[in-house]
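Protein sequences appear in the order of chains A and B.
Mapped onto the working numbering, the consecutive letters of the first sequence carry residue numbers 5 to 476.
Mapped onto the working numbering, the consecutive letters of the second sequence carry residue numbers 5 to 476.
Where a beta carbon is used, it is the ideal one built from N, C-alpha and C, also for glycine.
The structure appears right after this line, and notes come after that.
There are 2 protein chains.
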Amino acid sequence: MSQDKAREFELLFYPRSIAVVGASRTRLNFGTLLIQSLLSAGFSGPVYAVNPGASHIAGAPAYPSLAAIPGPVDYVVTVVPARQVLDLLDDCAARGVKVVQMFTAGYRETGQAQAAARERELVAKARRSGLRIIGPNCIGVYNPRHRMPYPPMSSVGLAGDVAFVSQSGGHASRVAHDGILRGLGFSKVISFGNGSDLDSPDYLEYFAADPETRIVGAYLEGVRDGRQLLRAAREASSVKPLILWKGGRTQAGAETAASHTGSLVSSDVIWNAAARQTGAVRVYSVEEMVDTLLAFQCLWPFRGRRVAVISGLVDGGGGDSVAAGDGLASVGLEVSPFSRSTADMMREVLAPAGTISRNPMDVGSAGTEGHTLEQLAELAAADPAMELVLIQLHMDQLLGFLSTGRVAEIAEFFIRLRQQYHKPVAVVSFPGAREKERLEFDKRLVSASIPTFPSLDRAARALANLNLCPPL
Amino acid sequence: MSQDKAREFELLFYPRSIAVVGASRTRLNFGTLLIQSLLSAGFSGPVYAVNPGASHIAGAPAYPSLAAIPGPVDYVVTVVPARQVLDLLDDCAARGVKVVQMFTAGYRETGQAQAAARERELVAKARRSGLRIIGPNCIGVYNPRHRMPYPPMSSVGLAGDVAFVSQSGGHASRVAHDGILRGLGFSKVISFGNGSDLDSPDYLEYFAADPETRIVGAYLEGVRDGRQLLRAAREASSVKPLILWKGGRTQAGAETAASHTGSLVSSDVIWNAAARQTGAVRVYSVEEMVDTLLAFQCLWPFRGRRVAVISGLVDGGGGDSVAAGDGLASVGLEVSPFSRSTADMMREVLAPAGTISRNPMDVGSAGTEGHTLEQLAELAAADPAMELVLIQLHMDQLLGFLSTGRVAEIAEFFIRLRQQYHKPVAVVSFPGAREKERLEFDKRLVSASIPTFPSLDRAARALANLNLCPPL
């Protein structure tokens, strides 16, 4: 990527000041919410509102025009009707603004020829004026390091090295939101809507080069220039894992996508071929995107298929074991027997307990006694035939049999296990009635690079996806 | 079903008194937990412990032997080692016990010839003594009407008309537990483990005849007599919807099932054929079982494919709409345009808003104004081209834009909508940070026969499953 382009993107993700044009004094619109969010999340630079009828909006000083703002303005957010935007771009150019993020919609996505013409005019004017446009029809940037949240978030999550680029603002916001709750650390998230100036190939090119980004997720609906996207995707996925969700893969979805971001949706066959060519990992829902990003954040560059499964930590886990055998096998992972020496040692730990020396291991009530659970799990992790340890647990059940102190001790043990045996550990943590305790437990594990998933099927899919990324 | 058999099952699900043999005074074993659960859930009859070393266990009076218990005993639970069970059966017979539920394991499932022989002996003795056995290797009965919970539950959930029969105690307990949290009302749940006396065909026959049961779910791993099971499944599914999950459908799963309940697992091809022949609806995980039972509880005998989707209730839902188009189409549901007159009326409600008169409908910020959301949803529900209304919502987002009072009002509106248009309504209620509010909202809807699901894919699958049940 050229140095010029890198500088442009620097201001896009790290603006020194932001002005919101069209925040309402009386209604809770996107602009008002954005100002609230920026201020409560502690954005470091000045935040201004542009509104002729107010002195302050949501805590930010308001000015009648961009020209009236006293300091420099890097980044403008438009929440005004489309018909006002062209004049606004003149004001932006005059004021030395570099980036315009347009929440404003009403362009190509309406399907009207006049609106599409207006979008072309918009881009032409931006190019003439040296402005870059994010959008239109988008919610722009989430950058935890720069304390830029998505409204109505009142704070940012952990900073990390996962980037997500999305044609949909809703999906960008949900991947950010759900990701934060699950322990994903983002470098940046960008929603770019119609992508009429900067488009998916630009963002992919940037994230491929961005030193803050190690893993890239993308939600795309369509693209103006397929060849350019293919090249950008190939380049990105040759240096970093690229997780790709394509919206509009069915007729019904494609028709909706056309009215959503004005995308000409190409056929799913082409996208499948493109994914294969580029080495991108394809996913099919918000849930699978978040699960897969989490698996990559915690485990990549691990690749492997031979899974040791530990179920029924304190109570019969026979059904869970069968489900794990089925679920893992059906996505191409392997649940093969422990090595003979491992099985022998397991039998020594516990006298004849048929299901304990098998893979999946069903610990059962033995797990309530002393440190039997730890002994068995260590034997499983140490088995050279196993590449990954997957533990299934029910927080409701653990807390039914064990003290909270013992449950916390088990989390720390899993973390030591991962470190000691240099072998990936993943956890299925089934939801139930003790969600507060479960989410805390999960967060502790994820912070130590143990991904957690709410169902076996979701875990299996995300872990299998690790193998779809070619070694880089 | 014969009157004799019906009477046998009456005592199995409605015992007048229960004795637990092998509850521990010092350890929290299954027996101790069961006594705690029965007492705290308010089981109406006497609960006794049999233990030679205690006068009370977990609040129940303890006796040195069954013979020493003062009153009649209908139902005995064994938590003793397998070698003690044969003698215990003599005591049971002498005491007039009718049903023995064996938590005790260590039989066929161990893979040892001696243990399999012990199981045959057990059944022979039970038959000679006029006893019926649930198990061995199982957790038995959950019956909310009779206040029989699964340990460690301290209460029972709502009573209803969904039965679940399971070869796995873990899955029985989880379907009960998750089902209760989701608003499922059970008639009875039974875990029967090895099923060495009463087996899956017996339970299916009973639930087919049971007047308290309208919908039957089953988790099976294998069966001694395939022809008998096929007949029972065919009979059950000719009178009630039968939702069937078969564990051990892959090689890895099947090997695990053999050591779990000693099941000879037949090939998946045979089960697929059987499901087709019998009209059973096949599902593939605990999550899909609970989702599908909930869809049937709320909506059956509805069948239909044409779905009106409402997304983005207060904020852009374009991405959700595309995902709904893709997700519903990929399971064979249809998201086709609204009738022309409906679309015209929608456009009247709101001036040119491209995405609002389309299906999926993306309400967006219009939903924060007055009762626009209600007006649009009513038009969608009234459209004769639509058979089902599916609403997607994010509680975190709703509460970001609307007051809690308004959110409660929206729940009541959905309920009126369902009643007024005699058309099924279902809701995707995405998890987030406001889980308490979300689960309350969901419970209110489910109580009015509006099923809720935590993801679009899970909703799509469960709603599509309604169509796999033949009309009865």
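Item, Value
"Under a three-way DSSP split, which group does E113/B fall into?", "helix"
"Report yes or no: do the region 141 to 151 of chain B and the region 179 to 193 of chain B share at least 3 C-beta pairs separated by less than 8 Å?", "yes"
"DSSP three-state call for A437/A: helix, strand or coil?", "coil"
"Between which two residues does the beta strand (DSSP E) containing P65/A stretch?", "64 to 67"
"Name the DSSP bridge partner or partners of N55/B?", "Beta-bridge pairing links N55/B to no other residue."
"Buried or exposed: where does E416/A fall if 16 or more other Cβ atoms within 10 Å of its Cβ makes it buried?", "exposed"
"Let me confirm a value: V287/B is counted as buried when at least 16 other C-beta atoms fall within 10 Å, else exposed. Which label applies?", "buried"
"Kindly list, in the order they appear in chain B, the residues whose Cβ is closer than 8 Å to that of G183/A.", "In chain order: nothing, as chain B lies at least about 12 Å away."
"Under the three-state reduction of DSSP, which class applies to L472/B: helix, strand or coil?", "coil"
"Can you tell me where the alpha helix (DSSP H) with I314/A in it begins and where it stops?", "Premise fails: I314/A lies in the beta strand (DSSP E), 311 to 315, not in any alpha helix (DSSP H)."
"What are the boundary residues of the beta strand (DSSP E) that includes I138/A?", "136 to 138"
"Using the Cβ count rule (16 or more neighbours within 10 Å means buried), how would you classify Q401/A?", "buried"
"Return the CA-CA distance between G257/B and A277/B, expressed in angstroms with no decimal places.", "19 Å"
"Using the beta-carbon of each residue, which ones in chain A are nearer than 7 Å to E439/B?", "E439"
"Straight-line CA distance for L383/A to S195/B?", "31 Å"
"Check whether the region 6 to 18 of chain B touches the region 108 to 125 of chain B, taking contact to mean three or more Cβ pairs, one atom from each stretch, closer than 8 Å.", "no"
"Assuming contact is defined by CB atoms lying nearer than 8 Å, are F445/A and V411/A in contact in what I supplied?", "yes"
"Hey, could you find the ends of the alpha helix (DSSP H) T296/B is sitting in?", "290 to 303"
"Would you please state the rounded distance, in angstroms, between the beta carbons of P156/B and L37/B? I believe it to be under 8 Å.", "5 Å"
"Near L42/B, which residues of its chain fall below 6 Å by C-beta distance, leaving aside the five closest residues on each side in sequence?", "V51"
"Express the C-alpha separation of L298/B and F168/B in angstroms, rounding to a whole number.", "12 Å"
"Could you give the distance in angstroms between the alpha-carbon of L185/A and the alpha-carbon of P153/A?", "14 Å"
"Can you find the residues in the same chain that come closer than 8 Å, C-beta to C-beta, to A333/A, ignoring five residues on each side of it along the sequence?", "V339"
"Does the distance from the CB of A212/A to the CB of L248/A come in under 8 Å?", "no"
"So that I know if they touch, is there some Cβ in chain B lying closer than 8 Å to that of R20/A?", "no"
"Cβ of N255/B less than 8 Å from any chain A Cβ?", "Note that residue 255/B is Gln in the sequence shown, not Asn. Taking Cβ atoms only, chain A reaches closer than 8 Å to Q255/B, which makes this a yes."
"Within its chain, find whatever has a CB closer than 8 Å to the CB of A437/A; leave out the 5 residues flanking it on each side and keep chain order.", "D400"
"Using a C-beta to C-beta distance shorter than 7 Å, which residues of chain B count as neighbours of P364/A?", "T260"
"In the DSSP output, what is A222/B paired with across the bridge?", "V169/B, L248/B"
"Can the beta-carbon of V432/B be found closer than 8 Å to that of F418/B?", "no"
"Distance check for D295/B and A463/B, CA to CA, integer angstroms please.", "7 Å"
"Can you check whether the C-beta of L246/B is within less than 8 Å of a C-beta belonging to chain A?", "no"
"Considering only residues of the same chain and omitting the five flanking positions on each side of L233/B, which have a CB-CB separation below 7 Å?", "S204, P205, V227"
"So what's D214/A in DSSP terms, helix, strand or just coil?", "coil"
"In chain order, what residues of the same chain lie with their CB nearer than 7 Å to the CB of D201/A, ignoring the 5 residues before and after it?", "V127, A130, R136, I137"
"Run down chain A in chain order and give the residues with a C-beta less than 8 Å from the C-beta of L332/B.", "A256"
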